[in-house]
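Residue numbers for the sequence shown follow my numbering, so the first one is 628 and each next one is one higher.
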Amino acid sequence: GNARYIDRVDSDIREWVTVNPYGWERTGDPRWRGLETMSRINVWTHLFYCYLEDAHIQDGTRILLLSSIPEHAHYTQHYHNPGGNWLAMQMRSLSLAGLAFPEFRDSEAWVAYSYHALLPQMERQIYPDGAQKELASHYHGATLYAFQAFADLYETAGQRLPDSWYEGLEQMWSYWAYSIRPNGHGVLNNDSNLDFNRPKLLRVYEAYDRPDWAYIVTNGGKGLAPEALPSRIFPWAGQLISRSGWDADAHWSVFDVGPWGIGHQHQDKLHLSVSAFGQDFLVDAGRLYYKRDVWRDWIRGTRAHNTLIIDGCEQNGDAKEVDAPLDEGTYVIGKAFDFARSSFTAGYVDLEGEAVHHRAVMYVRGLAWIVVDRVRSDRERDIDALWHWHPEVDVTVDDGDAVGTHGSGAVSVIPVGGWDGTVDTVKGQEPPNIQGWYSREYNQKAPATCAIYSRKVTDEAIVWLIVPSNEKAATEATLEDDGDTVTLRATISGQEIEAVIPTQDGQPVLTLN
């Protein structure tokens, strides 16, 4: 290789240790903050052993690096985060320091501390359905990597963790497998990137003897087909993942009916994302970055998600976690359809009076989604129903129907019975009224169409058909609303259906004619 790179590593380590003395106290200074400190333990340990015999690393540099490891371990042990993905990563690094450098006086203490601090976190941070409690797929991954690396580290040292640790790891990997999009990307929710999870699952499925994971992520190219239906409810996370099948062009959606999350939250309950033909159509706007400014406020807020704004007000924060799963009467996974319903009851920022948004979603497998919205309030309200589209999708609005087209196909969003209000489309709108953007990954954003449906409501149902097709969907529909339950009779792409959808009580019924 090019020795100049090793010379630069040598120089950087010497300089860093020399000019950044440890202060022996908690700090927000990024030089000694928890995330950076544990990262240096990981990287420096790797560098030390990789270049142990390399003449380009000076003996003085090795001594400086080694002298700094106990300081890094001290900070990580005494000033770590109390929970979340940071704690998982920090305790893995502290164990690494102790196991990689057993010559240090405190190495056994580092290992013991990290072991006892991290083992309870599998239960504290992970729901029984496998989802990490921050409910951000990206940070689920950060925690999963740390938990897996912790187990791998102990196995390398000839030790094994309790069986419950490996059972928890399998549940976490399985959450990723059964929530993955047909194109191999994970859920984009809360503070997440659109992470490509397919290769990560392909690296571990054999170790866990889970050929079903391989089948899912390769669209049937490897492994064995799952015995269950392709959709999955995660009743603790409150996420309904609907799919038409395991193929690359399958329909896919995620409907958020769960808690807010213990960290990295967005104000987005009842959001729905939809993919078809290997392409995302209706999307979450992403996370963008963590700088505190109007962009960050927007992307965390309700206006960046596919749900309702009431009287111009966005959702408040909600319950961070739950101590029980969803009531089994609020969701269905069946051969012909999936269903889930929930309500946002935590109120809206600066809203006068009270308002509760109820939303029910029925996915008619292989055909369409039916979305029923209802606002219960003490007065008439102005609502904005938002539908955010992927930036690669061209969106047109014709007689109230929004049609998103892509080279792979089209998705139509159709308000049943027409729309008694206004429909606007916004794309790439700058501050002060930010709207119409999409962030695929950190620090990146692209203009993307947002269709905004505005009208006045009392407590009547608003019903939407979301139909994937090769072009604008051909539909006919009639609607009955008894104040709680909606009965929709429709012909969608030649298929006659009758759907009975309750927004608060009762069970859904679907009849295919």
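Virtual Cβ for every residue (Gly too), placed ideally from N, Cα, C.
Predicted, not measured: the structure shown is a model, and the values here were computed from it.
Check the C-beta distance from residue i over to residue j and give it rounded, since I have them as a contact under 8 Å.
{"i": "L1115", "j": "V1043", "result": "7 Å"}
{"i": "I1128", "j": "V1113", "result": "5 Å"}
{"i": "Y766", "j": "H891", "result": "6 Å"}
{"i": "R927", "j": "H893", "result": "5 Å"}
{"i": "W737", "j": "Q704", "result": "6 Å"}
{"i": "V881", "j": "S900", "result": "5 Å"}
{"i": "R1006", "j": "G980", "result": "6 Å"}
{"i": "A1172", "j": "Q748", "result": "Nothing in the structure corresponds to residue 1172, since the chain is present only between 628 and 1140."}
{"i": "P857", "j": "R870", "result": "4 Å"}
{"i": "D836", "j": "G850", "result": "Not confirmed; about 11 Å, so no contact."}
{"i": "A855", "j": "L828", "result": "Their Cβ separation, rounded to whole angstroms, is 17 Å, which puts A855 and L828 out of contact at 8 Å."}
{"i": "N943", "j": "G1036", "result": "Rounded, the Cβ-Cβ distance is 37 Å, inconsistent with contact."}
{"i": "I1041", "j": "Y958", "result": "With 8 Å as the limit, I1041 and Y958 do not qualify as a contact, their Cβ atoms being about 24 Å apart."}
{"i": "L1106", "j": "I1010", "result": "Contact doesn't hold; Cβ gap of about 18 Å is too wide."}
{"i": "A758", "j": "Y802", "result": "5 Å"}
{"i": "L994", "j": "I1119", "result": "6 Å"}
{"i": "G711", "j": "E761", "result": "6 Å"}
{"i": "Y1065", "j": "N820", "result": "Actually they do not touch by this definition, with Cβ atoms about 12 Å apart."}
{"i": "I668", "j": "S741", "result": "So it is not a contact: roughly 11 Å between Cβ atoms."}
{"i": "R658", "j": "Y706", "result": "Actually they do not touch by this definition, with Cβ atoms about 13 Å apart."}
Have a look at the DSSP bridge pairing and note the partners of residue i.
{"i": "I960", "result": "D965"}
{"i": "S1092", "result": "One point to set straight first is that residue 1092 is Leu, not Ser, in the sequence displayed. DSSP lists I997 and I1041 as partners of L1092."}
{"i": "I987", "result": "Note on residue identity: the sequence assigns Ala, not Ile, to residue 987. BP columns for A987 point to R968 and V999."}
{"i": "H812", "result": "F823"}
{"i": "F861", "result": "Q866"}
{"i": "F882", "result": "L867 and L899"}
{"i": "T1138", "result": "E1125"}
{"i": "K1054", "result": "T1076"}
{"i": "Y975", "result": "Q942"}
{"i": "Q1062", "result": "Q1056"}
{"i": "Q906", "result": "A903"}
{"i": "I640", "result": "Paired residue(s): none; I640 is not in a bridge."}
{"i": "I936", "result": "D1011"}
{"i": "A982", "result": "S1004"}
Could you give the distance in angstroms between the alpha-carbon of residue i and the alpha-carbon of residue j?
{"i": "A763", "j": "R1008", "result": "31 Å"}
{"i": "G1055", "j": "P1018", "result": "10 Å"}
{"i": "C677", "j": "T664", "result": "20 Å"}
{"i": "G1045", "j": "R1082", "result": "12 Å"}
{"i": "Q1062", "j": "N708", "result": "34 Å"}
{"i": "W863", "j": "D977", "result": "30 Å"}
{"i": "S970", "j": "H984", "result": "6 Å"}
{"i": "D681", "j": "D733", "result": "28 Å"}
{"i": "E1057", "j": "G795", "result": "44 Å"}
{"i": "N824", "j": "V988", "result": "26 Å"}
{"i": "D1051", "j": "A1088", "result": "21 Å"}
{"i": "V644", "j": "G687", "result": "11 Å"}
{"i": "M718", "j": "S806", "result": "28 Å"}
{"i": "Q775", "j": "W1091", "result": "42 Å"}
{"i": "F904", "j": "V1094", "result": "12 Å"}
{"i": "A967", "j": "G888", "result": "19 Å"}
{"i": "Y832", "j": "E782", "result": "18 Å"}
{"i": "V574", "j": "A1126", "result": "No information on residue 574 is available, as it lies outside the stretch 628 to 1140 that the chain covers here."}
{"i": "E735", "j": "Q786", "result": "14 Å"}
{"i": "G1133", "j": "A739", "result": "52 Å"}
{"i": "A1100", "j": "G1121", "result": "10 Å"}
{"i": "G848", "j": "V670", "result": "36 Å"}
{"i": "V844", "j": "G939", "result": "41 Å"}
{"i": "L692", "j": "I640", "result": "7 Å"}
{"i": "T972", "j": "E730", "result": "56 Å"}
{"i": "T1102", "j": "V1038", "result": "13 Å"}
{"i": "I684", "j": "D656", "result": "28 Å"}
{"i": "L788", "j": "A773", "result": "14 Å"}
{"i": "S902", "j": "Y632", "result": "44 Å"}
{"i": "V1024", "j": "V1053", "result": "12 Å"}
{"i": "G725", "j": "D790", "result": "23 Å"}
{"i": "D924", "j": "S666", "result": "29 Å"}
Exercise. Could you tell me which uninterrupted beta strand (DSSP E) segments, each at least 3 residues in length, are contained entirely in the stretch 995 to 1052, listed from first to last along the chain?
Key: 995 to 1004, 1008 to 1015, 1021 to 1025, 1028 to 1033 and 1036 to 1042
Quiz item: Does the pairing of the stretch 750 to 762 with the stretch 696 to 707 give three or more beta-carbon distances under 8 Å?
Solution: no
Quiz prompt | the stretch 957 to 965 touching the stretch 927 to 942, judged by at least three CB pairs closer than 8 Å | solution = no
Self-check item: Stretch pair the stretch 938 to 953 + the stretch 1029 to 1038: three plus CB contacts closer than 8 Å
Solution: no
Quiz prompt | Three CB pairs or more closer than 8 Å across the stretch 806 to 819 and the stretch 903 to 915 | solution = yes
Quiz item: What are the uninterrupted segments assigned as beta strand (DSSP E) that are 3 or more residues long and contained completely in the stretch 1074 to 1128, given in chain order?
Solution: 1076 to 1084, 1089 to 1096, 1102 to 1108 and 1112 to 1119
Self-check item: At least 3 beta-carbon pairs within less than 8 Å: the stretch 1009 to 1016 vs the stretch 1067 to 1078
Solution: yes
Self-check item: Completely contained alpha helix (DSSP H) runs for the stretch 674 to 759, where each covers 4 or more residues
Solution: 686 to 705, 711 to 727, 734 to 745 and 748 to 752
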